[in-house]
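Below is one structure, written out as structure tokens, with a few remarks after it.
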Amino acid sequence: MEYIQGIIILIGINLIAVLGLSILTGFTGLFSFGHGGFMAIGAYVCAIFVARLHQPFALAILAGALSAGLVSVVIGRLTLKLKGDYFCIATMGFGEAVRIILNNVNYVGGARGWESLPKLTTVWLTLALDLVFVVVTWNIINSRQGRNMVAAREEELAAQMAGIDVFKSKMIALVISAVFAGVAGALMAQYMQFLRPTMFNMTKSTDLTIMVIFGGLGSISGSILGTILLVSLPELFRDFAQWRLVFYGLAVIVIMVGRPQGLMGGLELTPSGIRRAVAARSARRELAAADKAEAAE
Amino acid sequence: MAQFLQQLVNGISIGSIYALMAVGYSLVYSIMNFSNFAHGSVIMLGAYFGYFCLTLLGLPFGLAFFLAACGTALVAVVIERLAYKPLRDRKAPFLYFIITAMGMSIFIDNGVIATIGPTPKIFPLARLPEFIRGGTIKLGVVEVGRVDVAMFVITVICLVALIFFIDYTRVGKAIQATAYNMKASALMGINTSFIIILVFAIGGALAGVAGVLYGIKYQVYPQMSGITMKSFIAAVFGGLGSLPGALLGSLLLALIETFVSGYLSTQLRDIFSFLILIAMLVIRPSGIMGKSMEDKA
Numbered sequence: 159m160e161y162i163q164g165i166i167i168l169i170g171i172n173l174i175a176v177l178g179l180s181i182l183t184g185f186t187g188l189f190s191f192g193h194g195g196f197m198a199i200g201a202y203v204c205a206i207f208v209a210r211l212h213q214p215f216a217l218a219i220l221a222g223a224l225s226a227g228l229v230s231v232v233i234g235r236l237t238l239k240l241k242g243d244y245f246c247i248a249t250m251g252f253g254e255a256v257r258i259i260l261n262n263v264n265y266v267g268g269a270r271g272w273e274s275l276p277k278l279t280t281v282w283l284t285l286a287l288d289l290v291f292v293v294v295t296w297n298i299i300n301s302r303q304g305r306n307m308v309a310a311r312e313e314e315l316a317a318q319m320a321g322i323d324v325f326k327s328k329m330i331a332l333v334i335s336a337v338f339a340g341v342a343g344a345l346m347a348q349y350m351q352f353l354r355p356t357m358f359n360m361t362k363s364t365d366l367t368i369m370v371i372f373g374g375l376g377s378i379s380g381s382i383l384g385t386i387l388l389v390s391l392p393e394l395f396r397d398f399a400q401w402r403l404v405f406y407g408l409a410v411i412v413i414m415v416g417r418p419q420g421l422m423g424g425l426e427l428t429p430s431g432i433r434r435a436v437a438a439r440s441a442r443r444e445l446a447a448a449d450k451a452e453a454a455e
Numbered sequence: 078m079a080q081f082l083q084q085l086v087n088g089i090s091i092g093s094i095y096a097l098m099a100v101g102y103s104l105v106y107s108i109m110n111f112s113n114f115a116h117g118s119v120i121m122l123g124a125y126f127g128y129f130c131l132t133l134l135g136l137p138f139g140l141a142f143f144l145a146a147c148g149t150a151l152v153a154v155v156i157e158r159l160a161y162k163p164l165r166d167r168k169a170p171f172l173y174f175i176i177t178a179m180g181m182s183i184f185i186d187n188g189v190i191a192t193i194g195p196t197p198k199i200f201p202l203a204r205l206p207e208f209i210r211g212g213t214i215k216l217g218v219v220e221v222g223r224v225d226v227a228m229f230v231i232t233v234i235c236l237v238a239l240i241f242f243i244d245y246t247r248v249g250k251a252i253q254a255t256a257y258n259m260k261a262s263a264l265m266g267i268n269t270s271f272i273i274i275l276v277f278a279i280g281g282a283l284a285g286v287a288g289v290l291y292g293i294k295y296q297v298y299p300q301m302s303g304i305t306m307k308s309f310i311a312a313v314f315g316g317l318g319s320l321p322g323a324l325l326g327s328l329l330l331a332l333i334e335t336f337v338s339g340y341l342s343t344q345l346r347d348i349f350s351f352l353i354l355i356a357m358l359v360i361r362p363s364g365i366m367g368k369s370m371e372d373k374a
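Chains as they are written, first to last, in my numbering: chain A, 159 to 455; chain B, 78 to 374.
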């Protein structure tokens, strides 16, 4: 039971970070390989508030989230103007820089890590926060800002022409995703009860992005599904500990090559989303039938 | 003064190995416009190929070296065919290439851990020829390791050959043309598909050489691709897609690193590298010598 609870907590924690990244990557079209860095900031600030300053957990989570958000404003100012590959590379540099700086801060344990933190994250707290964050994400996406983000993703120049402040939309998406990652990090610190900078390395950042892509870009239910599958599957394969990451890498390649739109392909698991999927499928079929008829003539 | 010269020589030695690795990133970027993060894993495989040719098969050093380079060239081409070609055919956005490359890297690294094991291997000194074995040579006030001299010489030979090949042969000119504009080159009768294979093969062969040299100087272990991140930074620093840029970037980065760790502290070295990366991206994302990015509307 403890074990199952552990997996649920891990899924829940990752889900918060993935939802944030879904807004940034899925809906705004910016790829980050550095969100492990924002998680690390959230985790360490939260741990400092709880273990060193003896503040309540709620305040510590808030502090962690705000710190991550503040840092993201600076990072965004510097890097959001970069095009293509370069934004990814810059975020990757940021994530690694955070990790290496933490390696050298002895106040928080340095590279050896920081142990015996109090365990404050419970399964109910995680699930409750998940619910809150799903609702928040849903509302952001369906707000004016959310539509601006999608416009910036689809065609930056056209969005700009239509009067959308693309830079601001991107910035908002980045800050939201950083705050989400900060909360996830804070929960992680108080669940694992120890922190080590390697927990937030580039692999962690890539994992988060892969979960978003695996579920399907531009789909919240896809992100949820992707997180559940990709966090729990390796746990189920614990017995093949050595091979699970091999399969994980293979799964990433297969999905990228074979089904690039991800599990959900931009659609949502809501009644209207399903209706749209069914409609699209029958439309495709009709089109194919028409093509065939034409060819027969 | 002696210390300064010593650091200078160390820097050049490390810079040459970075250059050998960075060229692989840059070559692929110049043609395909994405950062091939699987390159680091190919370098690691090269080190293992060399090690096993030498120990298991008992081949002479020169032959082992050659086979390792051939092996990695083959691996690089197979990766291209299996993973990148389907994406290329579909005209997938560059991010899918990066994610696929990351998946490939996870797959290869962990495949090696699962099959060969995580323990580092050391090249048997007795099986190495005299010129690359341990020991130092005194040059005035400076002491240089024989490995370092050999590394530098082999690197220079490889890079001079590469530059000659690209600048003075027909095929080399075709590579340049393809890097400049793939569509137009195809229209002019260049077999761009062959050029892509060739570029991966060259990058792979150089990765094999770099892997063996790095393995001899340090150790052979599955996480070697983490170290190659530095050479990627060097490629970005010099300007992704530019060969002279990759060489210059590698040399500068290595010199900065050795001077920082020599005069300031070793811990600061890695922070410095990543801060340089971010600073470079902010000031001039196209690097020292790269072509400047333009927004295609």
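Glycine included, every Cβ here is placed at the ideal spot set by N, Cα and C.
Cβ-based neighbour list, residue i, same chain, cut-off 6 Å, excluding 5 preceding and 5 following
{"i": "Ala336 (chain A)", "result": "Phe196, Ala226, Gly227, Ser230"}
{"i": "Val308 (chain A)", "result": "Phe185"}
{"i": "Val86 (chain B)", "result": "Val219, Val221"}
{"i": "Arg417 (chain A)", "result": "none"}
{"i": "Ala141 (chain B)", "result": "Gly127, Cys130, Leu131"}
{"i": "Val435 (chain A)", "result": "First, the residue type needs correcting, since residue 435 (chain A) is Ala and not Val in the sequence shown. If we look at Ala435 (chain A) and ignore the five residues flanking it on each side, its Cβ neighbours are Leu425."}
{"i": "Gly117 (chain B)", "result": "Ser302, Thr305"}
{"i": "Val100 (chain B)", "result": "Leu283, Ala323"}
{"i": "Ala269 (chain A)", "result": "Asn261"}
Between the CA atoms of residue j and residue i - distance to the nearest angstrom
{"i": "Pro355 (chain A)", "j": "Ala248 (chain A)", "result": "19 Å"}
{"i": "Ile199 (chain A)", "j": "Ile162 (chain A)", "result": "28 Å"}
{"i": "Tyr298 (chain B)", "j": "Glu313 (chain A)", "result": "44 Å"}
{"i": "Thr269 (chain B)", "j": "Ala96 (chain B)", "result": "26 Å"}
{"i": "Gly304 (chain A)", "j": "Gly164 (chain A)", "result": "33 Å"}
{"i": "Ile185 (chain B)", "j": "Asp347 (chain B)", "result": "25 Å"}
{"i": "Pro170 (chain B)", "j": "Ile171 (chain A)", "result": "30 Å"}
{"i": "Ile209 (chain B)", "j": "Gln84 (chain B)", "result": "21 Å"}
{"i": "Ala160 (chain B)", "j": "Gly222 (chain A)", "result": "39 Å"}
{"i": "Leu315 (chain A)", "j": "Pro201 (chain B)", "result": "59 Å"}
{"i": "Arg433 (chain A)", "j": "Leu328 (chain B)", "result": "59 Å"}
{"i": "Leu151 (chain B)", "j": "Ile274 (chain B)", "result": "10 Å"}
{"i": "Leu381 (chain A)", "j": "Ala347 (chain A)", "result": "According to the sequence shown, residue 381 (chain A) is Ser rather than Leu. If you take the alpha carbons of Ser381 (chain A) and Ala347 (chain A), they lie about 23 Å apart."}
{"i": "Leu388 (chain A)", "j": "Ile371 (chain A)", "result": "11 Å"}
{"i": "Thr343 (chain B)", "j": "Asn264 (chain A)", "result": "16 Å"}
Residue i at chain A interface by Cβ criterion, 8 Å
{"i": "Gln300 (chain B)", "result": "no"}
{"i": "Phe111 (chain B)", "result": "yes"}
{"i": "Asn187 (chain B)", "result": "yes"}
{"i": "Gly180 (chain B)", "result": "yes"}
{"i": "Pro197 (chain B)", "result": "no"}
{"i": "Ala311 (chain B)", "result": "no"}
{"i": "Leu172 (chain B)", "result": "yes"}
{"i": "Phe208 (chain B)", "result": "no"}
{"i": "Pro137 (chain B)", "result": "no"}
{"i": "Ala374 (chain B)", "result": "Residue placement at Ala374 (chain B) cannot be trusted, given a pLDDT of 32 that sits under 50; the coordinates are not used to answer."}
Own chain, CB closer than 7 Å to residue i, minus 5 neighbours either side, in chain order
{"i": "Phe242 (chain B)", "result": "Gly249"}
{"i": "Ile167 (chain A)", "result": "Thr279, Val281, Thr284, Tyr349"}
{"i": "Leu182 (chain A)", "result": "Leu188, Ser190, Ala331, Leu332, Ser335"}
{"i": "Asp243 (chain A)", "result": "none"}
Residue-chain proximity (residue i, chain B), Cβ-Cβ < 8 Å
{"i": "Leu403 (chain A)", "result": "yes"}
{"i": "Pro418 (chain A)", "result": "yes"}
{"i": "Leu345 (chain A)", "result": "no"}
{"i": "Asn264 (chain A)", "result": "no"}
{"i": "Phe252 (chain A)", "result": "yes"}
{"i": "Thr428 (chain A)", "result": "no"}
{"i": "Phe207 (chain A)", "result": "no"}
{"i": "Phe358 (chain A)", "result": "no"}
Residues bridged to residue i [DSSP beta-bridge criterion]
{"i": "Val337 (chain B)", "result": "Beta-bridge pairing links Val337 (chain B) to no other residue."}
{"i": "Glu220 (chain B)", "result": "B:Lys215"}
{"i": "Trp296 (chain A)", "result": "Bridge partners of Trp296 (chain A): none, in fact."}
{"i": "Trp282 (chain A)", "result": "None; Trp282 (chain A) has no bridge partner."}
{"i": "Trp272 (chain A)", "result": "A:Leu353"}
{"i": "Lys198 (chain B)", "result": "B:Val297"}
Own chain, CB closer than 8 Å to residue i, minus 5 neighbours either side, in chain order
{"i": "Gly150 (chain A)", "result": "Here chain A comprises residues numbered 159 to 455, so residue 150 (chain A) is not present and cannot be evaluated."}
_Can you confirm whether the region 322–341 of chain B touches the region 87–94 of chain B when touching is taken to mean that 3 or more C-beta pairs between the two stretches lie within less than 8 Å?_
In short, these stretches touch, since the Cβ pair count reaches three.
_With a threshold of 8 Å, are at least 3 pairs of Cβ atoms found where one atom belongs to the region 175–189 of chain B and the other to the region 394–414 of chain A?_
Under the Cβ criterion (8 Å, minimum of three pairs), the region 175–189 of chain B counts as touching the region 394–414 of chain A.
*asked:* If contact is defined by three or more beta carbon pairs under 8 Å, each pair taking one atom from either stretch, is the region 159–178 of chain B in contact with the region 104–114 of chain B?
replied: In short, these stretches touch, since the Cβ pair count reaches three.
*Can you find at least 3 beta carbon pairs, one from the region 281–292 of chain B and one from the region 119–134 of chain B, that sit closer than 8 Å?*
With a cut-off of 8 Å, the region 119–134 of chain B and the region 281–292 of chain B count as touching, because enough Cβ pairs lie within range.
*Count the C-beta pairs between the region 275–284 of chain B and the region 437–452 of chain A that are closer than 8 Å, then say yes if the count reaches three, no if not.*
The answer is no - the region 437–452 of chain A does not touch the region 275–284 of chain B, with fewer than three Cβ pairs under 8 Å.
*Could you tell me whether the region 348–364 of chain B touches the region 310–321 of chain B, using the rule of 3 or more Cβ pairs below 8 Å?*
The answer is yes - the region 310–321 of chain B touches the region 348–364 of chain B, with three or more Cβ pairs under 8 Å.
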